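Okay, structure first, notes after.
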Amino acid sequence: MDIDPITLAVLAGRMEQIADEMDATLFRQAFNPIIAEAHDASHGLYHPRTGETLVQGKSGLPIFVGVMAFAVKAVIDRADGDLNDGDVWAFNDAHLGGTHLSDMRLVRPYFHDGKVFCYLASVGHWHDMGGAVPGNYNPQATEVFQEAFVLPPVRLVRGGELQQDIVDIMLRNTRLPASAKGDLNGQLNALDLGVGRLDALLAEYGADTVRAALDALSGRAEALACAEIAELPDGRWEAEDFLDNDGITDTPLPIRVALEVRGDRLSLDFAGSAPATAGPVNISRGTAIACVYVAIKHIFPALPANAGVLRPIDVSIPDKSLLSAEFPAPTGGYTETILRMIDVIFAAIGKAAPERAIANAYGTINALSIAGHRADGQRWVMFSFFGGGHGGNPETDGLNHGNAPISTATIPPVEILEAAYPIAFRQWALRPDSAGAGEHRGGLGAVYEIELLEASARAFLFGERGRFAPKGVAGGAQAALTRFAFGGPDRWDTPPMVSKMVDIPLKRGERVRLQTPGGGGYGPPDEREPARVARDVALGYLSAHRADAIYGTAWREVNP
Amino acid sequence: MSRLMIGVDVGGTFTDVFILDEASGQARIAKVPTTRPDQSGGFLAGLTADGDALSDMATVVHGTTAGTNALLERRGGPMGVITTAGFGDVLEMRRRDRPRTWGLRGEFEPVVPRNMRLEVAERVLADGTVETPVDIDAVRAAGRRLLEAGARAVAVLFVNAYANPANENAAVAALRAVWPNDHVAASSEILPEIREFERFSTTALNSYLQPEVSGYLARLETALEQGGFGGEFLIVQSNGGVMDPPTARRLPIRTALSGPAAGVIAAAHIARQSGHPNVITGDMGGTSFDVALIDNGDSVLAAQTSIDFGMVVRTPMIEIATIGAGGGSIAWVDKGGLLNIGPESAGSDPGPVAYGRGNDRPTVTDANIVLGRINPARPIGGGTLHVEAARTAIDTHVGAPLGLGTDEAAEAIIRVANSRMAGAVRLVSIERGFEPRRFTFMPFGGGGALHAGALISEVGLSSALVPRYPGVTSAMGCVIADMRQDYVQTVNMPTSAADVGQLAELIADHHRRGEKFLADAQVTFSGRDTIVELDMAYVGQTHTVAVPLPVAIADGTVVPFDHGAIESAFEAAYRRVYGRLLPGGVTRILNLRTAVIGRRPRIDLATLAPDAIGTSADARRGTRPVHFGRWLDAAIYDRLALPVGATVEGPAVLEQPDTTILIEPGLVGTVDRFGNVIIEREAP
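Taken in order, these protein sequences are the chains called A and B. Quick note: the first sequence uses this note's numbering, first residue 1, plus one each step. Quick note: the second sequence uses this note's numbering, first residue 561, plus one each step.
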C-alpha cells in the first residue's frame, strides 16, 4: 500500500521515539556505569525477514547503528522459523553478532496477527563476562575463550516464561553477578516497553500503514544516500594505515581501502588488509560493515539509521583477514581496528572530496586499567577509556579532548575515580604540540598522569597509535603519537610493544603517564592565518619553536 | 501607601509587565519592546508604561534573560581562574564529549582562555586530607597577574575541595585582601559537590556573569531609587524561587533560566486554583517549543543543564524540555523526500515569510496563516501579513517536492509540527511514567494555543487550559514565586557509616543560613519551609535517587533522626521510581540537599476574570474560512469579551492581542470563573 507523505513523516518520528525511549529505559535502570553513564547500548526495530535496521535510537553507541542487524539475522537463522510470541533470544557471540563478547544482545520477535511483524532488539555492554581478565580487555588473548564466556543464541524467554536455568548459567560466568542481573532486567524491561509502545502504535494507525511506513522509510533512506553519493566526483582513491601490532607479535598490521564512486553508487574494497591475527584486534565481517556505516554517517550526518542507506554501497571484505575473523579468533580489541577503518575511509574521502573531508581523530580508546588489593584485602579495578583530539575539518579546527568517533561516552570525573580507588591524578591536562598542523589544525590530545597510593598494583594498557600517527587530510599534517610510560617520577619505562602491555607492576608512589594523540590537520599549514598561529602559541597549544618550524615566522608579526 | 506588586519578564522581543494592585485586588498588564543589549531601558519603560509611579510600588519582581544572553553571546568576564597544579585544563577538557553525535565537526571555546587559568601548588585528597597546603604567595602572584591581564572576576577551583575546603578558603581569603571588587569565589562556596568539571564549570560561569549581571542590577537599582521606589526588588531564579539583589550579585548563575521558570510557576498556580492540578505547559516561541510538567501542583526540578555545548550549570532548576519546533521553524523536504520541521529557524527576525522581512522559506507560522488560523489583518505585534508570499513559499519548498497543493502542503507542515510537539509532550509524560489522560495542556506564549487541540488528540491529554493572559504568564509568575535558597554538601559514604549527628548539624547549618537569607530580604511571608533531600543509590549504581527525608526542625534545632529513618525514606523513594527494591542491597549517600523556602502570599486569580456582563453574541466578530482538511466557516470571537460560562463550539477562532486560540471541529471551549478557556472534546 502507498502511504501519504504526511503520515510517513509523523510515523517516522513516532517510531524513532519508541527506540529512544527503550534506550532511556535501560540507561536509567542499568547497574553498570558503562551502560548507565557511557551509554554503551542500543535499541531498535528490525526487518522481519532480513533483520535489516528499520529504526534505531539516537542516544545509543554509534557503532551499534550498523551492527545490530547482524545480531537479529543471527537469531533469524538460528531459529529457522521456530519462533513464538513472547520469545526473547539472548547471546554475546561476537562472531555471529559483531563487536565483542562484552555486548549482551537480546532479540525479541514482535508478533501481529500470528506473524512476525518486526524484531525488537537490545544490546548492552556488561561489566564482566568471565574470561582471563576482569572487564574482558585481554590484549594477550589468542582465542575467545581467554576473553570471556561465550553464549550462542539461546531462547532466554519462551512464550513469556523466563528460562531461569539459562539465567543461572549467565550469572555463574561473571565476576559481577549483581551487575549482570541488573543489566539483564533493564534490557528485558526495555524490550517490554518497546512491545507496549508498538502495540499502541499499530492500534492507532493499523499494521498495514505502519508496515508501509517502514518500507517507505527504507526506500527514502536509500534515495537520500544515493543523492549524497552522487555529489562525490566519480573516480577511485586508495588509502592505507596501520595498527601498531596485535599485542602478541610486534608487527605492523596494514588496513587498506580502495574507494570508488560511480554515479550514485559507492564501493569500498578492503583488499590488502592484514590477515587474521593471533591477538585480539580481529573483527567479524558484520562489525566491518557496521563500521563502514559509521564512517559514512559521519561524512553525511543527515543519513538516517536505516539499512536502506547501505543499499547503494558495496563493501568488499577479503576472506581470512582481520576484518573477517572466524570463530574462535579473539575480538576483544575490536575498537582499535574499526577506528583505523574509519581513519582510512576518511583519508580516501579526503582525496575524493576534500571539501567534505574530516582529518583523522586520535584513533584509539586507550583502555587503561589499574588493579590491586587494598590493605584489608578488598579487590579494586579502575578501568577507563581516555580521550584525544578530533580532526580538523573544512569549517573549524578539531575539537580538543573529544570522545572516539564510534562512541559518545563521557569520561568519569577525577574526583569520582579518586574517591573510588587508591589513586591520585598528578596531571589531567591538554597535551601541547599534539595536534596535526593545517589551515584548520587538529584538536589537542591529553596527558593523564596517575600515582598509586596503595602498596602495590598492576596496570594494563590496550592502546594504539604508538607507531603510526593520526593523518591529516587535504594537505594537513599528522598529529602526535600515543606515548605511555610507567615508573617515575625520576625513572620512566615504556612498553616493549609501545601501546599494549599487561601486568605492569606499580609500587606506592609510582605512576603511569598516558599521552594521547591529537587530531590530524585539515588543509596545508601554510594557509593557516598567522593570527591563529599566534593565538595557539599565546595559549600554549603550540610551542614557539614548533610554530616557526611548521608555519614559518609570520605569526611573530601578529599581536595576538 | 504603596500597594502595587509588579512582575517584569524580559523576553527576546517584548518586555511583559504584570501589575497587581493589592488594595483593590485588580490586575493589569502592559507590554513594551525589549531593549538590547542592555535590557534595563525596556525594564524601566515597562514599569511605568501603564502610568504608575515607582513610589507606589511595594514589590518589583524581575524574571531576566540578562544572564543567559551574556553566556550565549559570551559577553561576561573577562575573568581568571586559579587552580590546582596539573588541572588547569579541566574547563576546556569537559567530560570528553562532543557537540553532536554525528559529523565530528565543531569546536569549543571555554569562557576563560588557557592563559587566564593559572596553576598553584596545593592538593587535597579524596578523603579530605590536605596533602599539600596551598602556596599563598603563589596565589597572590597569580591574582596580580590576572588583574594585570584585565580580569574583573576570579574563581578558585581546587580538586577535591568538596571534601575539604581548607585550601580554597585560604586562597580566597588571600585574594579578597587584594582584589579590587567582590567578584572572588571558590568552587566549594558555590557548589560543594563531587565532580570537578561540573563544579568548576558552574563556579567559573558564575564568576563570568558577575561583572555583567552586577552592572545590570546596579543600573536597575539606581534607576528605581532615583525614581522614588522604596519597596522590595527581587530576582527570579532558575529553581522557581526569588532572591534579593545581593544574592543575585553573588550567585548570578542562578538566573540562568529565570524567565521560563517564572512561567512554569505561574502555570502551577493557575493550575491549582482552577482545579486542574496536573498540567503540561507548552511555551511556543519563535525557535523552540518548551515543555514542563506540573504534577499535583508541583513543578519538577532538574539537577543540571547545559546552556550551550560545554557550558554546564549544576544548580537546581525547573525541568524544561525543549525541541526546535517554534513558529519560526522552517519546513523543508530532504533529499530522500521526507518532510522536516526545523531545527533551522527564521526566529522573530527576519521571521516567517509573511512578515515580509526577507525570509523566503516557509515556517510553521506561515502555514497557520495560509490555513486562515491566524488573522492576517491583526497579527501579534501589529502590521499586516503577506499571505500570498507565504503561499508561494509553501508551494515552492513543500508543495512541489511532495506533489501537494498549497492547502494540503500547509496542512502537512502543521501536522508534522504537531507531531514533533506531541513528541516533546510524550517525553515529559509517558516517558517519565505519567499517564497523559490525567493531564491538561496549558499553552502560554504567543503560538501554543493554535496547536492545543491537536495535542489533546495526538497525545491523549484530557483537555487544554488557555490562561486569560497567556502572553504575560512569566511576568505573572514573578509576582507569585516564593523566595527560595538551595544548599548542597557531598557526603559520599555508605549509609551505615554516615554520622547522623553530623548530618543533622549540616542540615541545621543550611537551615540557619537559609533563615538568615529570608530575614535579610525583609519580605513578608505567609509561611516558611525547610525541605531536606538526600541523593542516594545502591553501592555500585551510578544514577542516584532523590530521597525526601522527613526532618523536623524546632527553634533552629534539628530533631534527631536515625539510620532507620534514612533507609526507609530511601526504600520509599526507590520503590516509587523503579517499582522494586534490590533485596540485600547496600545503600550509599552521595549528597545532602536542603531548600529553605519563604512562602509568599498568593494572588487570587478571580481578580483577572472578565468583568463585562456581556454575552457570547456580543463577543462574536463574524466568521472566517479556516482550513481543517477542507475549508469551513469558523466563528471568530473577541476572547477577552467572552463572559464567564460562555461556550464556543468548534470550528472557531478566539482572538486577543497576545495570542490566537483555535477550537477545532469536534472540540468545545468554555470560559471558567477565572476567565481561562478550557478546551475539551465535545460530549458525544
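Backbone N, C-alpha and C define an ideal beta-carbon position, used for all residues, glycine too. None of these values were measured; they are calculated from a predicted model.
I need the DSSP call for residue i, collapsed to helix, strand or coil.
i, result
"K895 of chain B", "coil"
"Q833 of chain B", "helix"
"M561 of chain B", "Note that M561 of chain B scores 46 on pLDDT, short of 50, meaning its location in the model is unreliable; the coordinates nonetheless yield the value given after this. It is coil, neither helix nor strand."
"M609 of chain A", "Missing from the structure shown is residue 609 of chain A; chain A here goes from 1 to 560 and no further."
"F145 of chain A", "helix"
"L430 of chain A", "strand"
"S889 of chain B", "strand"
"G442 of chain A", "coil"
Taking only the alpha-carbon atoms, compute the straight-line gap between residue i and residue j and give it to the nearest angstrom.
i, j, result
"I248 of chain A", "V1048 of chain B", "50 Å"
"Y551 of chain A", "E238 of chain A", "28 Å"
"F383 of chain A", "I642 of chain B", "30 Å"
"M561 of chain B", "D1164 of chain B", "Its pLDDT being 46, under 50, M561 of chain B is placed unreliably by the model, and the measurement read from it follows with that caveat. Going by the C-alpha atoms only, they are around 21 Å apart."
"D909 of chain B", "G572 of chain B", "11 Å"
"S859 of chain B", "Y137 of chain A", "45 Å"
"L706 of chain B", "G663 of chain B", "37 Å"
"G1006 of chain B", "T956 of chain B", "27 Å"
"H622 of chain B", "V568 of chain B", "5 Å"
"E728 of chain B", "A609 of chain B", "48 Å"
"A469 of chain A", "R285 of chain A", "26 Å"
"H946 of chain B", "V924 of chain B", "15 Å"
"D433 of chain A", "L678 of chain B", "19 Å"
"A702 of chain B", "V680 of chain B", "8 Å"
"A353 of chain A", "V65 of chain A", "25 Å"
"D168 of chain A", "A36 of chain A", "24 Å"
"P1203 of chain B", "T1175 of chain B", "6 Å"
"A216 of chain A", "T337 of chain A", "34 Å"
"A288 of chain A", "A474 of chain A", "26 Å"
"T882 of chain B", "D576 of chain B", "22 Å"
Any idea which residues DSSP pairs residue i with across the strands?
i, result
"I1149 of chain B", "B:M1053 and B:M1096"
"G567 of chain B", "B:F578 and B:V621"
"V55 of chain A", "A:L45"
"M129 of chain A", "Paired residue(s): none; M129 of chain A is not in a bridge."
"C118 of chain A", "A:Y110"
"I423 of chain A", "A:L452"
"G800 of chain B", "In DSSP, G800 of chain B forms no bridge with anything."
Whose Cβ in chain B lies nearer than 9 Å to the Cβ of residue i?
i, result
"D564 of chain A", "Missing from the structure shown is residue 564 of chain A; chain A here goes from 1 to 560 and no further."
"P62 of chain A", "T661 and W662"
Can you pull the chain A residues whose beta carbon is under 7 Å from the beta carbon of residue i, in chain order?
i, result
"T966 of chain B", "What T966 of chain B touches in chain A: nothing, since even the nearest Cβ is about 14 Å away."
"L962 of chain B", "P5"
"V650 of chain B", "W428"
"N1052 of chain B", "A419"
Taking C-beta pairs closer than 9 Å, name the residues in chain A that residue i reaches, listed in chain order.
i, result
"N766 of chain B", "The premise fails here: N766 of chain B is roughly 19 Å from chain A at the closest Cβ pair, so nothing lies under 9 Å."
"P910 of chain B", "Near P910 of chain B there are no residues of chain A at all, since even the closest Cβ is about 24 Å away, more than 9 Å."
Kindly list, in the order they appear in chain B, the residues whose Cβ is closer than 8 Å to that of residue i.
i, result
"R356 of chain A", "Result: empty, since nearest Cβ-Cβ is about 11 Å, beyond 8 Å."
"H390 of chain A", "R658 and L664"
Under 8 Å Cβ-Cβ, which residues of chain A neighbour residue i?
i, result
"P673 of chain B", "L539"
"F668 of chain B", "L399 and N400"
"M1043 of chain B", "What M1043 of chain B touches in chain A: nothing, since even the nearest Cβ is about 32 Å away."
Residue i touches chain B at which residues, Cβ-Cβ below 7 Å?
i, result
"R511 of chain A", "Here the premise fails: no neighbours, minimum Cβ distance about 12 Å."
With 7 Å as the C-beta to C-beta threshold (strictly closer), list the residues of the stretch 974-990 of chain B near chain A in chain order.
R975, V976, S979, R980, G983 and R986
Pull out every residue of the stretch 746-763 of chain B whose Cβ sits closer than 7 Å to any Cβ of chain A, in chain order.
Interface annotation for the stretch 746-763 of chain B against chain A: I754, R755, E756 and F757, criterion Cβ-Cβ distance under 7 Å.
Interface positions of the stretch 292-311 of chain A facing chain B (Cβ-Cβ less than 7 Å), listed along the chain:
K297, H298, P301 and A302
Short-range partners of chain A found in the stretch 889-920 of chain B, where Cβ spacing is below 8 Å
Along the stretch 889-920 of chain B, the positions whose C-beta sits under 8 Å from a C-beta of chain A are D894, K895, G896, G897, L898, L899 and N900, read in chain order.
In the stretch 8-20 of chain A, which residues sit with their C-beta less than 8 Å from some C-beta in chain B, listed in chain order?
L8, A9, V10, A12, G13, R14 and Q17
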